[in-house]
Amino acid sequence: MNILISNDDGISSNGIIELAKRLSKKHNVLVVAPDGNRSASSHSLTITNSIKIKQNFNLKDCTAYQISGTPADCVKVAKLMFKDFCPDIVVAGINKGHNIGSDILYSGTVSIACEASFFGHVAFAFSAYSLLESNFTLYAEYAEQIIDYLLPYSKAGDMWNINFPQTENIEGTVVTSLGKQYYTDEYVKVGEDEYVLQGEIISHDKNDKDTDVEWIKKGYITITPILFNKTDYKKVKEVKDICIQL
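If you read the sequence shown in our numbering, its first letter stands for residue 34, the second for the next number, and so on.
Here you go:
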């Protein structure tokens, strides 16, 4: 297969290096990733500034480019600038830090999958729970197995969000829905007129037991099929026939 790989941690992150190394053993891999960390950039695009595109020779056994743009930019650049490479699938990650539940709204990793979906590609977003160095070699092996398993159940435009728990003693895998994440958010002053957003996860009881937020705590790899369509169809049906007088 032709596989496009990207991430939001930057092209030098161990997560993308191990993923590219693993998938390059059996597949034709193109890496297009940011030249630095773009975490929590969501689905932003670079439209007012120029983008620098430079080949990176540090990743072996595949062709790699680093760009000055966002994770979503990476998919557009790959599709529009490297038209001779037609990806069969797009893979994002492996991200440092989880992308579970409501956190996907901010995720640059998940935005890669969304942008790929817009182009009609099957996409996989992989994340590791810990923000520190995880065993990305092991997770890359798991990622390859998960891709092989899910592909027969995938159609054009499908997106899969996969998260590895904060343990190497994996209990198993579970297909589940998104949960909710809450944080003790606060802006901490770090200099004159300068603040940094900081916060810790808040424990709460507002999640169903069958959600990614709950399963990952138990040591399971969570797999969630997701959509970019945020339409509230129940509400549309409720107000469809209301005539708003302006």
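Beta carbons are placed, not taken as given, at the ideal position from N, Cα and C, and that holds for glycine.
Considering Cα atoms alone, identify which of LEU113, TYR186 and PHE197 is closest to SER163. PHE197
Taking buried to mean at least 16 other C-beta atoms within 10 Å of its own C-beta, is THR103 buried or exposed? buried
Determine the extent of the alpha helix (DSSP H) in which GLU166 is found, giving its start and end residues. That residue, GLU166, is in no alpha helix (DSSP H); it is neither H nor E in DSSP.
Tell me which residues share the same chain as GLU204 and place their Cβ nearer than 7 Å to its Cβ, disregarding the 5 neighbours each side in the sequence. LYS251, GLY252 and TYR253
DSSP state of GLY43, grouped into three classes? coil
Are there 16 or more other CB atoms within 10 angstroms of the CB of LYS112, so buried, or fewer, so exposed? buried
Which of the three DSSP states is assigned to GLU219 in this structure? strand
Say whether the segment 130-139 touches the segment 88-107, bearing in mind that this needs 3 or more beta-carbon pairs closer than 8 Å, one atom from each stretch. no
Give me, in chain order, the residues of the same chain whose beta-carbon lies closer than 6 Å to that of PHE159; leave out the 5 immediate sequence neighbours on both sides. GLY126, ILE127, ALA176 and ILE195
Which residue's Cα is closest to the Cα of GLU201: TYR172, THR244 and LEU78? TYR172
What did DSSP end up calling THR142 once you bin it into helix, strand or coil? helix
List the DSSP bridge partners of GLN99. ALA66 and LYS87
Can you find at least 3 beta carbon pairs, one from the segment 51-60 and one from the segment 70-86, that sit closer than 8 Å? no
Please list, in chain order, all residues of the same chain as GLU247 whose beta carbon is under 7 Å from its beta carbon, the five residues on each side excluded. GLY212 and ASN240
Of the residues ASP218, LYS93, PHE152 and TYR186, which one's Cα is nearest the Cα of LYS109? PHE152
Sequence-distant residues of the same chain with beta carbon closer than 7 Å to SER187, five excluded per side: VAL155
I'd like the span of the alpha helix (DSSP H) that includes ALA73, first residue to last. First-last for ALA73: undefined, no H or E at that position.
Just the Cα atoms here: how many angstroms apart are LYS59 and ILE122? 14 Å
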